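Enquirer: Sequential numbering from 3 applies to the sequence shown in my numbering.
Even glycine gets a Cβ: it sits at the ideal position worked out from N, Cα and C.
As the structure is a prediction and not an experimental result, all values here were calculated from the model.
I'd like to ask some things about the structure below.
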Amino acid sequence: MSPRAAGATVFVLSALLHELTFAVAFECPNCYFITLGMVLQVPLVEASKNLEGSRRGNILVWLNFVLGITAMAHLYFYQWHRCCSDDDLVFQSFYRESINAK
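If you want it as structure tokens, here you go:
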């Protein structure tokens, strides 16, 4: 297997395992999230190749880790709350605590 094919295989396998992790955790699989995540990764991979070994490349990678994972978790939570949750207990408890704190 060529290095490029091996890299693509690892990329796809990693994306599928991450999708599976989120789908199991939120009990709500959504294939378009994995597509969105993979499509957005491709330009970042190419940009990071050009910035390899530089401070900008390091910042780009860490921003991707911090913001990308957080954004995907928020998207999954929003989707789960919209279609899979039985009620508004999460939001009611949050607002109730906010109101009682005042």
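(1) Kindly indicate the opening and closing residues of the alpha helix (DSSP H) around Cys20.
(2) So what's Leu62 in DSSP terms, helix, strand or just coil?
(3) Could you tell me if Glu54 is buried or exposed, where buried requires 16 or more neighbouring beta carbons within 10 angstroms of its beta carbon?
(4) Under a three-way DSSP split, which group does Gly70 fall into?
(5) Buried or exposed: which applies to Glu21, given that a residue is buried once 16 or more other Cβ atoms fall within 10 Å of its Cβ?
(6) Here's the rule: buried if 16 or more other CB atoms are within 10 angstroms of the residue's CB, otherwise exposed. What is Phe24?
(7) Under a three-way DSSP split, which group does Gly39 fall into?
(8) Which class does Ser50 belong to by DSSP, given the choice of helix, strand or coil?
(9) Is Tyr80 buried or exposed, if buried means 16 or more other CB atoms sit within 10 Å of its CB?
(10) Whose CA, out of Phe28, Pro45 and Ala7, lies closest to the CA of Arg84?
Expert: According to the structure data:
(1) Indexing the sequence shown from 1 puts residue 20 at position 18. First, the residue type needs correcting, since residue 20 is His and not Cys in the sequence shown. Unbroken alpha helix (DSSP H) run through His20: Pro5 to Phe28.
(2) What you label residue 62 is simply residue 60 of the sequence shown in a count that begins at 1. Residue state, collapsed to three classes: helix.
(3) By one-based count along the sequence shown, residue 54 stands at place 52. Glu54 comes out exposed.
(4) In the sequence shown, residue 70 corresponds to position 68, counting from 1. Residue state, collapsed to three classes: helix.
(5) Here residue 21 refers to the residue found at position 19 of the sequence shown. Buried.
(6) Position 22 of the sequence shown, counted from the first residue, corresponds to residue 24. Label assigned to Phe24: buried.
(7) Translated into the one-based positions of the sequence shown, residue 39 becomes position 37. Looking at Gly39 - three-state DSSP - the assignment turns out to be helix.
(8) Sequence index remark: in the sequence shown, residue 50 carries index 48 (1-based). Three-state result, Ser50: helix.
(9) By 1-based counting over the sequence shown, the position of residue 80 is 78. Tyr80 should be labelled exposed.
(10) Against the sequence shown, residue 84 aligns to sequence position 82. For the residues Phe28, Pro45 and Ala7, the minimum Cα distance to Arg84 belongs to Phe28.
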